Amino acid sequence: MKYAFCQQSRLNQLDSIQIDHPLFKATLLLQGAQIIEFSPVHHHFRNALWLSPRAEYNKGESVRGGIPICWPWFGAADKNPEAIRQSIQRPVAHGFARSSLWQLKEIKESCHQVEVTLLLTSSTNSRLYWPYDFELEARFTLGRTLLLQLTTLNTDHRNVIYSQALHTYLPTKSISETRIHGAHNTHYIDALDQWQLKPQQGNINFQGETDRIYQLNINAQTLIAVTPTHTFDIRQSNSRSAVIWNPWIEKSKRLSQFSPDDYKNMFCIETANVLDDAVILAPNASHKMSMHLSIESSS
């Protein structure tokens, strides 16, 4: 089918959907259902998502940047709740969805927005990692803003427990001049300090390596990141946890598809269901987690 704004193309080994709309440009990879570019025209933004200059487009490897989808577990397998760990058969970092090939389910276009829906279902390959039957749908609604909805349907005959995150990379001109509002009077687990629970007072600032899992007070939270040039508003739904991450100096030297100085110009706010916020689904039940990103120029 021919579309007015969308066309399929290829980046090295990976199939992509390129969108050239009057309001924005975007690039989605079928591998991982990973959006790597969202450039709203009204902000003259080259890319409102951070994408590594050293990004590689190889089959079976997640691309560094954009919004990788971590599912059905987050991070290292052994850091997940016991019930999730018991189900993991191949403990790849962040689960298998981000390196799996998704199918294009639907594209809807209008003069105001484009909606792209991608689908991943259980298969012989997925059961090598995780023993359950499922349908996982990622729906991108793109216009002046970006809405990503991730819906999990349990098609298995057993209860399923899983964790997940929308691993959103954002750009900044200066990480030391970047701050995040919206987490005041919450608590976070510090993954860099023996997973201790700590209180958050005031804004989140970046002064060194940061790897924190925030426990939010409500199920629909807004986190606002203020950078020297832009303000990013992330409204999350059906998510009471969020991961804030920056690798800083030493870890940057060890990361794949990452330059030693890249930490200065990026950070992550990850809409999540992790640790105590993990999702339990009965057979035929579903859960929809979403993040809505809007951007304004900083004054």
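The sequence shown runs contiguously to residue 1769 in the numbering used here. Beta carbons are placed, not taken as given, at the ideal position from N, Cα and C, and that holds for glycine. Since we're looking at a predicted model, the values are computed, not measured.
message: What would DSSP say about Ala1553, mapped onto helix, strand or coil?
response: Position 83 of the sequence shown, counting from 1, holds the residue named residue 1553. Here Ala1553 sits in helix by DSSP.
message: Three or more C-beta pairs under 8 Å: does that hold for the region 1745 to 1759 against the region 1566 to 1574?
response: no
message: Could you compute how far the alpha carbon of Ile1558 sits from the alpha carbon of Tyr1599?
response: Position 88 of the sequence shown, counted from the start, is the residue given in the question as residue 1558. Position 129 of the sequence shown, counted from the start, is the residue given in the question as residue 1599. About 6 Å.
- prompt: For the alpha helix (DSSP H) that Glu1647 lies in, which residues bound it at each end?
  reply: Position 177 of the sequence shown, counted from the first residue, corresponds to residue 1647. Premise fails: Glu1647 is in no alpha helix (DSSP H) and is neither H nor E.
message: Between the alpha carbons of Lys1643 and Ile1674, how many angstroms are there, rounded?
response: Looking up residue 1643 in the sequence shown gives position 173. Looking up residue 1674 in the sequence shown gives position 204. So the alpha carbons of these two residues sit roughly 17 Å apart.
- prompt: Which partner residues does Trp1715 have in the DSSP bridge list?
  reply: Here residue 1715 corresponds to residue number 245 of the sequence shown, with the count starting at 1. Partner(s): Asp1681, Cys1738.
message: Distance check for Lys1721 and Pro1730, CA to CA, integer angstroms please.
response: Taking the first residue of the sequence shown as position 1, residue 1730 is located at position 260. Taking the first residue of the sequence shown as position 1, residue 1721 is located at position 251. Near 8 Å, if we compare the C-alpha coordinates of Lys1721 and Pro1730.
- prompt: With 16 as the cutoff for other CB atoms within 10 Å, does Pro1510 come out buried or exposed?
  reply: On the sequence shown, residue 1510 is found 40 positions in, with the first residue counted as 1. Pro1510 is buried by the Cβ-count criterion.
- request: Would you kindly work out how many angstroms separate the C-alpha atoms of Ala1690 and Ser1707, rounded to a whole number?
  value: Sequence index remark: in the sequence shown, residue 1690 carries index 220 (1-based). Sequence index remark: in the sequence shown, residue 1707 carries index 237 (1-based). Those two C-alpha atoms are separated by around 4 Å.
Contacts around Ala1501, its chain only, beta-carbon distance under 6 Å, and the 5 residues preceding and following it disregarded: Numbered from 1 along the sequence shown, position 31 holds the residue referred to as residue 1501. Reading off the sequence shown, one finds Gln at residue 1501, where the question assumed Ala. Leu1484, Leu1571.
- request: Identify whether Lys1472 lies in helix, strand or coil by the three-state DSSP scheme.
  value: Locating residue 1472 in the sequence shown gives position 2, counting from the first residue. Coil, per DSSP.
- prompt: Which same chain residues, not among the five before or five after Asn1460, have their C-beta less than 6 Å away from its C-beta?
  reply: As displayed, the chain neither begins before 1471 nor continues past 1769, which places residue 1460 out of reach and without an answer.
- request: Flag this pair as yes or no: are the beta carbons of Phe1610 and Asn1624 separated by less than 8 Å?
  value: Sequence index remark: in the sequence shown, residue 1610 carries index 140 (1-based). Sequence index remark: in the sequence shown, residue 1624 carries index 154 (1-based). Their beta carbons are not under 8 Å apart, which means Phe1610 does not touch Asn1624 by this criterion.
- prompt: Between Thr1701, Ile1659, His1491, Pro1669, which lies nearest to Cys1581 when the distance is taken from Cα to Cα?
  reply: Working through the sequence shown from its first residue, we reach residue 1581 at position 111. Closest option to Cys1581, Cα to Cα, is His1491.
message: On the criterion of 16 or more Cβ atoms from any shown chain inside 10 Å, does Lys1495 qualify as buried, or is it exposed?
response: Numbered from 1 along the sequence shown, position 25 holds the residue referred to as residue 1495. Buried is the call here.
Start and end residues, beta strand (DSSP E) containing Ala1496: Numbered from its first residue, the sequence shown carries residue 1496 at position 26. 1494 to 1499 is the span of the beta strand (DSSP E), which, as asked, contains Ala1496.
Backbone secondary structure at Ser1722 - three-state DSSP: Here the question's residue 1722 lines up with position 252 in the sequence shown. If DSSP states are grouped into helix, strand and coil, Ser1722 belongs with the helices.
Residues bridged to Ala1566 (per DSSP): Here the question's residue 1566 lines up with position 96 in the sequence shown. Per the sequence presented here, residue 1566 reads as Phe, with Ala not at that position. DSSP, once it has assigned bridges, lists no residue as partnering Phe1566.
- prompt: Would the beta-carbon of Asp1626 fall within 8 Å of that of Tyr1658?
  reply: On the sequence shown, position 156 is the one that residue 1626 refers to. On the sequence shown, position 188 is the one that residue 1658 refers to. Pairing Asp1626 with Tyr1658 gives a Cβ-Cβ distance that is not under 8 Å.
message: Alpha carbons only, please: which of Gln1556, Glu1585, Ile1537 is nearest the one belonging to Ile1489?
response: For this step, residue 1489 is matched to residue 19 along the sequence shown. Of the candidates Gln1556, Glu1585, Ile1537, the one whose C-alpha sits nearest the C-alpha of Ile1489 is Glu1585.
task: Could you please give me the residues that DSSP links to Gln1504 through a beta bridge?
output: Translated into the one-based positions of the sequence shown, residue 1504 becomes position 34. Paired residues: Leu1499.
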